[in-house]
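In our numbering, the protein residues as written are 5 to 290.
Please read the structure below before turning to the comments.
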């Protein structure tokens, strides 16, 4: 088992450990955060399992944390939730997620159904309040978490410092994701704490960069469709010619999300060919 990175104090009273998760590119890790005030804490996301989970519990003890008030997941994907059922049991803490993602988790992981409760509007670690904001995009029940005393926004899988995030059906919706990026730009946060990678010191610029990247992909897609109707596979290959094979499913789903968004805008249509029964996408003016 690969070693977790060192615990890092990312903000006063906020700690992060980066847990190895090789399927998540480009970082290969997922972040677990601890928000502390004296002997109380709230944990944000919990992808740690096995020996890594033991290290989390040990670190809580080293920090003098006697009570974990809550564990909250920004969304239900396994890299953010795999260790939460055991962590909840070991710490005697309640675990929360948005109701839409609670349902998705219970359907996807029936052996762990019932782990999560619907999230309240706020949580508290000692005197520190954490405000919970429903912000769909990456999943239908994705959450942003606002820690006002640090002007910090926990953004789950909506921002990364380098590269991009994937948004794709059935969980993700591109128009929602654009709204999530707008919300980040309007939040007035000094820092964003993402699900993967380092702390983001200029969340507004990061959100603007990702919006421009997504809009660039849509422009590329429309330019490709000028040549004529294309299948999903053809569009994915044209847009991501050198993609790492491990990332291909994420690239394909992101293309699907863009196509859905362009269909909603009325600039792209899809139709199945009677000749080969394959779905193709075309610009509406054709």
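All residues carry an ideal CB built from backbone N, CA and C; glycine is no exception.
Being a predicted model, the structure only gives us computed values, none of them experimental.
Secondary structure at residue 131, three-state DSSP: helix, strand or coil?
Here residue 131 sits in coil by DSSP.
Since residue 286 sits in a beta bridge, which residues does DSSP pair it with?
For residue 286, which the question treats as bridged, DSSP gives the partners 273.
In this structure, how does DSSP classify residue 92 when only helix, strand and coil are distinguished?
In this structure, residue 92 counts as helix in the three-state DSSP scheme.
What are the complete beta strand (DSSP E) segments, minimum 3 residues, inside the region 236–280?
List check, beta strand (DSSP E) in window: 272–276.
What are the start and end residues of the alpha helix (DSSP H) that includes residue 61?
Per DSSP, residue 61 belongs to the alpha helix (DSSP H) from 54–66.
Tell me the rounded alpha-carbon separation between residue 5 and residue 108.
Unreliable placement is indicated for residue 5, whose pLDDT of 45 sits below 50; the coordinate value is still reported in the next sentence. Between residue 5 and residue 108, the C-alpha separation is close to 28 Å.
Is there contact between the region 161–175 and the region 126–133, where contact requires at least three CB pairs shorter than 8 Å?
Counting Cβ pairs under 8 Å, fewer than three are found: no touch.
Does DSSP put residue 203 in a helix, in a strand, or in coil?
Residue 203 falls in the coil class under three-state DSSP.
Out of 276, 87, 286 and 235, which has the shortest C-alpha to C-alpha gap to residue 59?
Answer by Cα proximity: 87.
So, helix, strand or coil for residue 76, using DSSP?
The answer is strand: DSSP assigns residue 76 an E or B state.
With distances taken between CB atoms, is the gap from residue 188 to residue 202 smaller than 7 Å?
In this structure, residue 202 does not lie closer than 7 Å to residue 188 by Cβ.
Could you check whether residue 43 and residue 70 sit closer than 7 Å to each other, using their CB atoms as the reference points?
In this structure, residue 43 lies closer than 7 Å to residue 70 by Cβ.
I need the straight-line Cα distance from residue 239 to residue 257, nearest angstrom please.
The alpha-carbon atoms of residue 239 and residue 257 are separated by roughly 11 Å.
Give me the Cα-Cα distance between residue 197 and residue 158, rounded to the nearest whole angstrom.
When rounded, the distance between both Cα atoms is 5 Å.
Can you have a look at residue 146 and say buried or exposed, based on whether 16 or more other CB atoms are within 10 angstroms of its CB?
The residue is buried, with at least 16 neighbouring Cβ atoms inside 10 Å.
Helix, strand or coil: how does DSSP classify residue 41 here?
Here residue 41 sits in strand by DSSP.
What do you reckon, are the CB atoms on residue 184 and residue 200 nearer than 7 Å?
Result no, Cβ atoms of residue 184 and residue 200 do not sit closer than 7 Å.
Between the Cα of residue 179 and those of 138, 269 and 82, spot the shortest distance and give me the residue it belongs to.
The shortest C-alpha separation from residue 179 is found at 269.
Kindly indicate the opening and closing residues of the beta strand (DSSP E) around residue 23.
Start and end: 18–24.
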